[in-house]
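Below: one structure, written as structure tokens.
There are 2 protein chains.
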Amino acid sequence: MKTIAIDAMGGENAPKAIVDAVLKVQPELPDTKMILFGDQAKLEELIPADKLGEKLEIVATSEIISDEDEPVKAIRSKKDSSMVVAARYVKEGKADALFSLGNTGALLASGIFIIGRIKGINRPGLMPTLPASNSENGFNIIDVGANAKSKPEYLIQWAKMAAYYAEKVRGVNNPKVALLNNGAESDKGDDLHQATYQLLADSDLNFIGNIEGNELMTGKADVVVTDGFSGNIALKSVEGMSSVLLHSLKDSLLNNGLKTKVGALMIKGALGDLRKKYDTARHGGAVLLGLNAPVVKTHGRSDIRPVYYTLKQIDKILAEDLIEGFKHEFSKQEEGK
Amino acid sequence: MKTIAIDAMGGENAPKAIVDAVLKVQPELPDTKMILFGDQAKLEELIPADKLGEKLEIVATSEIISDEDEPVKAIRSKKDSSMVVAARYVKEGKADALFSLGNTGALLASGIFIIGRIKGINRPGLMPTLPASNSENGFNIIDVGANAKSKPEYLIQWAKMAAYYAEKVRGVNNPKVALLNNGAESDKGDDLHQATYQLLADSDLNFIGNIEGNELMTGKADVVVTDGFSGNIALKSVEGMSSVLLHSLKDSLLNNGLKTKVGALMIKGALGDLRKKYDTARHGGAVLLGLNAPVVKTHGRSDIRPVYYTLKQIDKILAEDLIEGFKHEFSKQEEGK
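The listed protein sequences correspond, in order, to chains A and B. Note that the first sequence covers residues 0 to 336 in numbering that gives the first Met the number 0. Note that the second sequence covers residues 0 to 336 in numbering that gives the first Met the number 0.
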């Protein structure tokens, strides 16, 4: 049986949204154990006593890492925090994956310093699944900010891990891989992107060339690889634009008189379809790939839905034995050197 | 009298959209002369004979640089192209600004190699004005792709030029300047962004700190400075997301049955407001700042509207004597060194 270690105290709606999602998803994951790390009294209040047992446990912790905490300092000083104790469970083999809605930097640090990197991997990369206009399936983008400084050797490993993920977890056959760049031609970008282009072109991946920012959301690629700095800018730019447009649309519909309000009611179904299409929740959380266990993050403001979908995503990652796959792949490379 | 050199052959709708915009804007720019460079027969066919004269001239050219041409090679080999001859007019002092809808790379190359950099400026930066959710005024972002490789010395100069532009041309008092980065704290980003942060903090600019991708379109900053690589990714990402969302909205409204179609008609006014708010056309074109004359680009697919607004924008740049301002500012710096 696989075990997911869940930081029950991270995020704006903790611990309730997390507990609710756990209780909801549990019947669907018969072969998975979940451990909730956090304030025992609060958690026991939220969980019916008969639900606790072999498949759902509480581990009491006394501290919480907040969004304001400085990440590396926090994981060193708050030894009894829900996040750090959960990470230690994974490190010690008592759990197989770490999930948190808390401080992203601290979660990355917990992953890197407590759980540790897979041998042969230079740097872990953070990879969400984003919606795409042309498919239900969305696309993966890696790295969106675990690294401020990147090297071609990192990007090629991220591309391989993300393509493996797309194939195993999302069921994409021979995923199309593209490099986020400032133009289509192979000589575009700075030294980093030119060198990465060559590594990708020479690899076994289904590399379709460079992709530009305006093509990201079209689903042209199943996997987009990017340096962690521009990847972070790209991710936040599309999130920001989307949020600004949808808010402005809502404002326009509410503040243009009665006729518009009636019209808005009549198009409600269509707007719901649109929202569903670009709903990020159903794609689960962002996975930090390259560590000895999956470390997964969802937005701190998440309610039950994103948490529910992320738990299903983690279950799938564990069922597909992704980490063993990576270890096999990258230890081969080490030997091949 | 100031003179604008206009490449009449660039873009999908050339020369008609360009000629139409010139004829429309002319009565509003009584002190500005415009020269159209291109196919004389075609241009004469589009321009009523009585409109030609001291304030509107045609210079016949025999070649066109297409979007497929390799930029630097094109400006060297196509010596009689509308773009290159127009640039030479500026170089020789026969015109004060260069405007084209053609090949962006070739236009940048024409600007850099023919018109030349202002003494004291390291690299020119490309700067559009984008719409913002909180103001009619939008914001400037520089550099969005004239440079694949950037240095802190470049970014501080771009910030100064863009702030000067925001103040003089857009009328923003003491413009707020921010650095596009992957987090809010001063130590965020790679070496380039950390060093640039310090230069900005030590400058006379109204520096408000780092801005993240998701805050770009909110209008938090009047001027955003960024390295040319991530700036290009950010600009294209917001353009792409906006285009994908608006297309999906249209699709949803058209393909959800009669009730939705009727509702769509009723909210037409509200959608028009939204489109107007995020309309980039009324902000004019992207200006390549740092050269001995303004070099301005609008989208190749532009129709008459963006061209019209860009001509007004160029007129304002010339009226405010922006280039003289830059020369004064940066030659001072040279002396101060």
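Cβ coordinates follow ideal geometry from the N, Cα and C atoms, glycine included.
Find out if the Cβ-Cβ distance for the pair residue i, residue j is shorter than 8 Å.
i, j, result
"S175/B", "I155/B", "Position check: residue 175/B holds Lys in this sequence, whereas Ser was assumed. Not in contact: K175/B and I155/B (Cβ atoms no closer than 8 Å)."
"L179/A", "G239/A", "no"
"A4/A", "A13/A", "no"
"A145/B", "P123/B", "yes"
"M33/A", "V18/A", "no"
"N209/A", "G182/A", "yes"
"V143/B", "D221/B", "no"
"S109/A", "F36/A", "no"
"V224/B", "A292/B", "no"
"A131/A", "T217/A", "yes"
"G227/B", "A177/B", "no"
"I232/B", "A233/A", "yes"
"Q193/A", "D186/A", "yes"
"K307/B", "K23/B", "The question names Lys, but residue 307/B is Tyr in the sequence shown. Taking 8 Å as the Cβ cut-off, Y307/B and K23/B qualify as a contacting pair."
"G289/A", "N255/B", "no"
Taking the continuous beta strand (DSSP E) assigned at residue i, which residues delimit it?
i, result
"V222/A", "222–224"
"T31/A", "31–37"
"S134/B", "134–141"
"D6/B", "1–6"
"D207/B", "Looking at the sequence shown, residue 207/B is not Asp but Ile. Start and end: 205–210."
Mind checking if residue i is an interface residue toward chain B, Cβ cutoff 8 Å exclusive?
i, result
"D30/A", "no"
"N231/A", "yes"
"E11/A", "no"
"A285/A", "no"
"K336/A", "Note that K336/A has pLDDT 47, beneath the 50 cutoff, so the model's placement of it is unreliable and the number below is only indicative. So, not an interface residue."
"N102/A", "no"
"T279/A", "no"
"A7/A", "no"
"N209/A", "no"
"S228/A", "Reading off the sequence shown, one finds Phe at residue 228/A, where the question assumed Ser. Yes, F228/A lies at the interface with chain B (some Cβ there is under 8 Å from its Cβ)."
"M240/A", "yes"
"E152/A", "no"
"I139/A", "In the sequence under discussion, the amino acid at residue 139/A is Asn, which differs from the Ile named in the question. Not closer than 8 Å to any Cβ of chain B, the Cβ of N139/A fails to qualify, so no."
"L248/A", "yes"
"K258/A", "yes"
"M216/A", "yes"
"N181/A", "yes"
"G119/A", "no"
"G124/A", "no"
"A194/A", "no"
Along the chain, where does the alpha helix (DSSP H) containing residue i start, and where does it finish?
i, result
"A131/B", "Where A131/B is concerned, there is no enclosing alpha helix (DSSP H), although the beta strand (DSSP E) it sits in stretches over 128–131."
"M160/B", "151–167"
"A59/B", "Note, A59/B: premise wrong, no alpha helix (DSSP H); beta strand (DSSP E) at 55–59."
"S76/A", "70–76"
"F228/B", "227–253"
"T103/A", "103–108"
"S81/A", "81–90"
"G268/B", "267–276"
"A13/B", "Per DSSP, A13/B belongs to no alpha helix (DSSP H) and is neither H nor E."
Could you give the C-beta distance for residue i and residue j, rounded to a whole number, given that I count them as a contact under 8 Å?
i, j, result
"M126/A", "I141/A", "4 Å"
"S418/A", "K159/A", "Only positions 0 to 336 of chain A appear in the structure, and residue 418/A is not among them; the question remains open."
"D302/A", "A16/A", "5 Å"
"S251/B", "D250/A", "That belief does not hold up - the Cβ atoms of S251/B and D250/A are roughly 19 Å apart, past 8 Å."
Checking contacts by CB at 8 Å: is residue i closer than that to chain A?
i, result
"I74/B", "no"
"G262/B", "yes"
"N255/B", "yes"
"D189/B", "yes"
"M265/B", "yes"
"N172/B", "no"
"G144/B", "yes"
"D221/B", "no"
"D272/B", "yes"
"G212/B", "yes"
"K235/B", "yes"
"V295/B", "no"
field: Touch test, the segment 63–74 of chain A against the segment 91–109 of chain A, Cβ-Cβ under 8 Å, three pairs minimum
entry: yes
- prompt: Would you call the segment 31–44 of chain A and the segment 133–145 of chain A touching, i.e. three or more CB-CB distances under 8 Å?
  reply: no
- prompt: Does the count of Cβ pairs from the segment 82–90 of chain B and the segment 42–51 of chain B closer than 8 Å reach three?
  reply: Touching, no, given that fewer than three Cβ pairs across the two stretches are closer than 8 Å.
query: Does the count of Cβ pairs from the segment 286–301 of chain A and the segment 95–102 of chain A closer than 8 Å reach three?
result: yes
- prompt: Taking three-plus beta-carbon pairs below 8 Å as touching, is the segment 305–323 of chain A in contact with the segment 55–62 of chain B?
  reply: With a cut-off of 8 Å, the segment 55–62 of chain B and the segment 305–323 of chain A do not count as touching, because too few Cβ pairs lie within range.
message: With three or more beta-carbon pairs closer than 8 Å as the criterion, would you say the segment 253–262 of chain A touches the segment 162–174 of chain A?
response: no
task: Mind the definition here: the segment 308–315 of chain B touches the segment 277–285 of chain B only if three or more C-beta pairs lie below 8 Å; say whether that holds.
output: yes
query: Is the number of C-beta pairs between the segment 212–222 of chain B and the segment 237–255 of chain A that are closer than 8 Å three or more?
result: Here the segment 212–222 of chain B makes contact with the segment 237–255 of chain A; the two share three or more CB pairs at distances below 8 Å.
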